[in-house]
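Note sheet for the following structure.
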Ligand SMILES: Nc1nc2c(ncn2[C@@H]2O[C@H](COP(=O)(O)OP(=O)(O)OP(=O)(O)O)[C@@H](O)[C@H]2O)c(=O)[nH]1
Ligand SMILES: [Mg+2]
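Residue numbers (the numbering used here): 684 to 860.
Set out below in structure tokens:
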């Protein structure tokens, strides 16, 4: 008996998994989106998760702590992610370069085959933030050709770019679903 493939696809809330080095601002982003306020989070241990609604789309966002063990044991926290968010601290070129390597280790895992990738170049409010076109070059994002990706400059302080990033994800996920 045939099975209607589209009937089996998951509707929202879309399951989103957020990675990035410690200190990049993942938890700050999560709670800015959730509460509209800027919080000063403690270093995450394990993961946080929240349901966030943007316009008509709900996202279940999993914020995985930046330590190596949590980042590589993400399955312990989140099942069946439908998109990846990767957060880099745009004020520090060395951290961006390290993030580039870590991001590749994550996104090219077979579990994440072809999942859309939203990259936040975070801390855009900081006077030391690197222009977003340079962030793109440092991350060599143009080399990623096996999936849809989008780089969005963002700030969990001003809120810049956060909803724009999620809007991109929403459009892509709805189109692919
Ligand atoms: N200026 C500025 N500071 C930020 C921004 N986002 C986060 N921070 C600061 O960066 C530091 C780390 O933020 P967190 O949200 O805890 O970072 P994280 O990625 O969750 O770190 P782990 O939990 O260790 O993985 C905190 O002092 C935040 O206040 C931002 O957009 N702008
Ligand atoms: Mg955190």
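Here a beta-carbon is modelled for each residue, glycine too, at the ideal position from N, C-alpha and C.
| Query | Result |
| --- | --- |
| Look at the alpha carbon of residue 846 and the alpha carbon of residue 718, and state the distance between them as a whole number of angstroms. | 13 angstroms |
| Could you tell me which residues DSSP puts in a beta bridge with residue 698? | 743 |
| Determine, using beta carbons only, whether residue 776 and residue 821 come nearer to each other than 7 angstroms. | yes |
| Let me know if residue 684 comes out buried or exposed under the rule of 16 or more other beta-carbons within 10 Å of its beta-carbon. | Confidence is the limiting factor: at residue 684 the pLDDT is only 42, short of 50, which leaves the residue's position unreliable and the question unanswerable from this model. |
| Going by beta-carbon coordinates alone, are residue 802 and residue 769 separated by less than 7 angstroms? | yes |
| Rounded to the nearest angstrom, how far is the Cβ of residue 812 from that of residue 715, given a contact under 8 angstroms? | With a Cβ gap of about 16 angstroms, residue 812 and residue 715 do not count as contacting. |
| Check residue 704 in the structure and name its three-state DSSP category. | coil |
| Quick one: what does DSSP say residue 666 is sitting in, helix, strand or coil? | An answer regarding residue 666 cannot be provided, because it is not within the stretch 684 to 860 covered by the chain. |
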